[in-house]
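Numbered per my numbering, the sequence shown spans residues 39 to 191.
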Amino acid sequence: MNYEHTQKVSVVKDFLLVSLFVLWPLIPGCIWWGYPLFVVLLQVLLLPLIFFLFVFPISQSTISLTSDYLEFRFRYKWPKLVIDLSDIHSAETKEVSLWRGWGINTDVKGRKFWRVRERQCIEILKKDGKRFLLGTNDAETLTMFLSGALEKK
């Protein structure tokens with residue numbers, strides 16, 4: 039039994055969001071503080087570089103499930119998380135706040151988040167007590183396949 043699901047988010051929306059955060063400070067800077075023109079040009083020219091280095095790679099994720107392991111990877115197949123099915127204790131569907139951000143981060147409870155930008159997640163509890171939340175827009179199907187694979191182990 040193999041399962042693979044790829045989730046993509048709008049690259050245009052991401053670019054506009056990054057543009058807002060990079061270019062928004064230029065408005066008061068140019069009006070009130072008189073930023074030189076080269077500062078404005080530098081930020082405008084660095085915008086695509088910032089986007090393609092930090093945002094574009096985490097705008098797509100793929101979750102693969104085989105009979106041996108569960109793999110979560112971002113675009114370009116790096117970074118990726120591989121968990122052996124024999125190390126998984128349980129899996130359940132969760133819903134998390136959008137305020138948690140996207141990419142890879144850790145919350146105060148020690149759970150590692152790997153997500154693009156969906157509220158739906160699957161929470162993996164490993165036998166050593168570590169918890170991972172993997173974001174997907176197909177959490178129910180993945181939970182069903184993963185539960186079936188865990189029962190066979």
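Ideal Cβ placement from N, Cα and C applies to all residues, glycine included. Keep in mind the model is a prediction, meaning the values are calculated, not measured.
Tell me whether F151 is buried or exposed, calling it buried when 16 or more other Cβ atoms sit within 10 Å of its Cβ.
-> That one is buried.
Whole angstroms is fine: what's the gap from F76's alpha carbon to I96's?
-> Roughly 30 Å between the two C-alpha positions.
Return the CA-CA distance between F112 and L172, expressed in angstroms with no decimal places.
-> Cα to Cα, the separation comes out at about 11 Å.
Please determine if the stretch 78-85 and the stretch 98-112 are in contact, where contact requires at least 3 C-beta pairs separated by less than 8 Å.
-> The count of Cβ pairs closer than 8 Å, one atom from the stretch 78-85 and one from the stretch 98-112, stays below three, leaving the stretches out of contact.
Run the CB neighbour count on I192, radius 10 Å, all protein chains shown included, and call it buried at 16 or more, exposed below.
-> Outside the modelled stretch of the chain, which goes from 39 to 191, sits residue 192, for which no answer is possible.
Would you tell me roughly how many angstroms separate the C-alpha atoms of I121 and K165, rounded to the nearest one?
-> Their Cα atoms are separated by approximately 11 Å.
Three-state secondary structure (DSSP) of W62 | Coil at W62, not helix or strand.
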